[in-house]
Amino acid sequence: MPSAATATPRSVLYLLPVPRFYSQLGGIGGCVAHAHGVMDALLAGGAALTVLSEERPGGAAEPKADWRVHPCASGGKAGRLLWSRRFVAAVRNTVTETVGETGRGPGFDYAYMRYSVQYAPFVPATRAALGRTPLVLELNSFAAQLPGAAWRLYGRLERRAFLAADLILCVSERLRDDVARLMGPDAAARCVVIPNGVEPSRFPAPAPASAAPGAGRALAYCGVLKPAYGLEDLLAVHRELEADFPDLRLHFLGEGPLRPVLEGSPDRGRDVVFHGPVAFDRVPDLLATMDVLVHTTTRANFFQSPIKLYEYMCARRPIVAARQPQTELLLGGAEPAGWLFEVGDRASLRETLAAALADPAEGEARAARGYARVTAEHTWRQRMAGLHAALADRGLLGGGRAAG
Numbered sequence: 024m025p026s027a028a029t030a031t032p033r034s035v036l037y038l039l040p041v042p043r044f045y046s047q048l049g050g051i052g053g054c055v056a057h058a059h060g061v062m063d064a065l066l067a068g069g070a071a072l073t074v075l076s077e078e079r080p081g082g083a084a085e086p087k088a089d090w091r092v093h094p095c096a097s098g099g100k101a102g103r104l105l106w107s108r109r110f111v112a113a114v115r116n117t118v119t120e121t122v123g124e125t126g127r128g129p130g131f132d133y134a135y136m137r138y139s140v141q142y143a144p145f146v147p148a149t150r151a152a153l154g155r156t157p158l159v160l161e162l163n164s165f166a167a168q169l170p171g172a173a174w175r176l177y178g179r180l181e182r183r184a185f186l187a188a189d190l191i192l193c194v195s196e197r198l199r200d201d202v203a204r205l206m207g208p209d210a211a212a213r214c215v216v217i218p219n220g221v222e223p224s225r226f227p228a229p230a231p232a233s234a235a236p237g238a239g240r241a242l243a244y245c246g247v248l249k250p251a252y253g254l255e256d257l258l259a260v261h262r263e264l265e266a267d268f269p270d271l272r273l274h275f276l277g278e279g280p281l282r283p284v285l286e287g288s289p290d291r292g293r294d295v296v297f298h299g300p301v302a303f304d305r306v307p308d309l310l311a312t313m314d315v316l317v318h319t320t321t322r323a324n325f326f327q328s329p330i331k332l333y334e335y336m337c338a339r340r341p342i343v344a345a346r347q348p349q350t351e352l353l354l355g356g357a358e359p360a361g362w363l364f365e366v367g368d369r370a371s372l373r374e375t376l377a378a379a380l381a382d383p384a385e386g387e388a389r390a391a392r393g394y395a396r397v398t399a400e401h402t403w404r405q406r407m408a409g410l411h412a413a414l415a416d417r418g419l420l421g422g423g424r425a426a427g
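Take 24 as the starting number for the sequence shown in the working numbering and just add one per residue.
Here is the structure:
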């Protein structure tokens with residue numbers, strides 16, 4: 024059986040069954056960073072990559088794959104259902120094109136699909152359309168995790184979707200545990216934990232904003248602005264810190280439904296900048312100009328693998344992050360690579376930010392340790408090597424496949 028070193032795919036089919044994936048929030052968010060990270064790592068490893076999607080990102084950052092776009096004409100529920108059926112047909116046609124009518128053509132080594140709650144009913148049909156091509160299902164969250172009887176009922180559809188996959192890529196151990204608890208042992212047996220990652224070559228060496236005369240000090244949060252991520256706490260704490268750090272500016276790099284709430288909040292300080300959507304290829308340069316990068320969240324999101332944290336580490340800037348399983352793993356230890364505050368505790372956030380701002384030299388030292396960690400252990404190429412080793416261990420890469 025192939026080892027991790029020899030388990031390298033020749034050709035991969037990347038499935039993105041999510042209408043408006045790029046345009047819905049102006050091309051921002053961890054979902055885009057994840058998709059491009061996986062695609063670019065596969066291409067860098069020498070795989071031929073075919074992408075089926077509803078739209079394509081365009082621009083210089085677009086992965087150099089064979090993009091096959093199938094637009095969704097309507098944004099309504101009925102239109103999306105019809106599009107999903109057409110997407111399944113497109114998968115079947117693409118596979119048939121590569122293997123030929125005799126089924127003896129080269130085909131794809133595997134198909135990699137980002138899980139979408141709305142596409143869940145079509146995953147079994149997609150698996151059938153793939154024939155003998157194994158299906159890897161990338162899982163970041165799922166509907167049955169949400170409270171309420173309706174979501175638990177939908178979980179029955181999700182279980183069928185999970186059981187159709189040959190391998191389920193969970194981004195955290197907490198997420199895998201949720202699959203085991205809510206979807207059962209058969210679904211859990213398909214799971215492998217592979218956290219998110221980063222591509223270091225995207226990130227330039229930083230020049231702190233405060234190094235420029237009169238620039239002031241800059242805090243930044245990068246990501247989608249939405250509820251249940253602790254952003255209201257960050258806004259309020261920035262206002263409190265202005266008394267001790269009058270030149271402190273807070274930057275929100277991103278767009279989202281919470282922006283109007285934050286803009287109109289009575290807790291908003293004097294100097295807050297909302298940048299709106301930030302293009303994927305501009306994120307590294309902006310992060311490099313900040314003095315402290317902030318990751319907030321709530322306990323409801325402890326199952327996540329925050330891509331922004333890997334990007335913060337690669338930006339080589341001091342980090343203040345909410346304490347959760349993955350931030351402790353990445354930033355903690357005897358020689359910390361950042362500062363951790365207690366989730367949901369504004370006083371803890373304020374004290375931790377003040378400590379980071381008051382000691383730039385220590386911040387640089389921790390940032391350097393973070394950069395060393397992330398480049399040594401958490402690149403997208405390393406993540407893909409782990410995935411390919413898991414596929415090989417299960418007989419799904421390099422010969423043979425599990426029964427679908």
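Note that CB positions come from ideal geometry on N, CA and C, so glycine has one too.
Bridge-paired residues (DSSP) for residue i
i: Glu161; result: Arg137 and Leu192
i: Phe268; result: None; Phe268 has no bridge partner.
i: His401; result: DSSP output for His401 lists no bridge partner at all.
i: Tyr37; result: Val74 and Tyr135
i: His318; result: Ala344
i: Cys214; result: Ile191
i: Val221; result: Thr402
Selected residue, minimal CA-CA separation from residue i, among the options
i: Ala323; options: Leu198, Gly279, Leu414 and Leu419; result: Leu198
i: Ala88; options: Ser76, Pro94, Phe110 and Arg182; result: Ser76
i: Ala395; options: Met336, Tyr244 and Gly69; result: Met336
i: Ala20; options: Leu273, Ala148, Pro94 and Phe326; result: Given that the chain is displayed from residue 24 to residue 427, the structure contains no residue 20 and the question cannot be resolved.
i: Met136; options: Asp200, Thr73 and Phe326; result: Thr73
i: Ala166; options: Arg175, Val159, Leu160 and Leu158; result: Arg175
i: Phe110; options: Lys100, Cys95 and Val122; result: Cys95
i: Gly207; options: Tyr333, Gly178 and His93; result: Gly178
i: Ala311; options: Arg340, Ala187 and Ser288; result: Arg340
i: Ser97; options: Ser107, Arg91 and Pro269; result: Ser107
i: Val140; options: His298, Leu66 and Arg103; result: Arg103
i: Val61; options: Asn116, Trp403, Val296 and Gly99; result: Trp403
i: Leu254; options: Asp270, Leu66, Val366 and Pro32; result: Val366
i: Leu363; options: Leu205, Gln327 and Thr319; result: Thr319
i: Val92; options: Val114, Val221 and Lys100; result: Val114
i: Glu181; options: Leu105, Phe145 and Ala259; result: Phe145
i: Gly393; options: Ala58, Leu353 and Leu271; result: Leu353
Where the beta strand (DSSP E) containing residue i begins and where it ends
i: Tyr252; result: Element bounds for Tyr252: n/a, residue is neither H nor E.
i: Phe364; result: Trp362 to Phe364
As assigned by DSSP and simplified to three states, the class of residue i
i: Tyr45; result: coil
i: Val2; result: The displayed coordinates of the chain run from 24 to 427. Any statement about residue 2 would go beyond what the structure contains.
i: Phe275; result: strand
i: Gly299; result: strand
i: Asp63; result: helix
i: Arg450; result: There is simply no residue 450 to check, as the chain begins at 24 and stops at 427 in what is shown.
i: Cys245; result: strand
i: Pro80; result: coil
i: Asp290; result: coil
i: Ala228; result: coil
i: Glu8; result: Nothing about residue 8 can be reported from this structure: the residues present for the chain run from 24 to 427 only.
i: Ser107; result: helix
i: Lys100; result: helix
i: Phe325; result: coil
i: Ala27; result: Its pLDDT being 46, under 50, Ala27 is placed unreliably by the model, and the measurement read from it follows with that caveat. DSSP places Ala27 in coil when its eight states are reduced to three.
i: Arg262; result: helix
i: Ala58; result: helix
i: Thr156; result: coil
i: Ala235; result: Caution is warranted here: a pLDDT of 44 is assigned to Ala235, below 50, making its placement in the model unreliable, and the coordinate value is therefore given only provisionally. Residue state, collapsed to three classes: coil.
i: Gly418; result: coil
i: Ala143; result: helix
i: Leu186; result: helix
N- and C-terminal bounds of the alpha helix (DSSP H) containing residue i
i: Ala344; result: No alpha helix (DSSP H) holds Ala344; the beta strand (DSSP E) holding it covers Ile342 to Ala345.
i: Val92; result: Per DSSP, Val92 belongs to no alpha helix (DSSP H); it is in the beta strand (DSSP E), Asp89 to Val92.
i: Met336; result: Ile330 to Cys337
i: Arg150; result: Val146 to Leu153
i: Leu376; result: Arg369 to Ala381
i: Asp308; result: Val306 to Ala311
Meets three-Cβ-pair contact criterion under 8 Å: the stretch 302-309 and the stretch 197-215: no
Contact between the stretch 53-71 and the stretch 144-158 (3+ Cβ pairs under 8 Å): no
Segment contact, 8 Å Cβ cut-off, at least three pairs: the stretch 386-394 with the stretch 34-44: no
contact_flag[the stretch 339-352, the stretch 192-206] where n(CB pairs < 8 Å) is 3 or more: yes
Three-pair Cβ contact test at 8 Å for the stretch 274-284 versus the stretch 247-254: yes
Three CB pairs or more closer than 8 Å across the stretch 310-318 and the stretch 31-41: no
Stretch-stretch touch, CB-based, cutoff 8 Å, three pairs: the stretch 400-420 with the stretch 376-383: no
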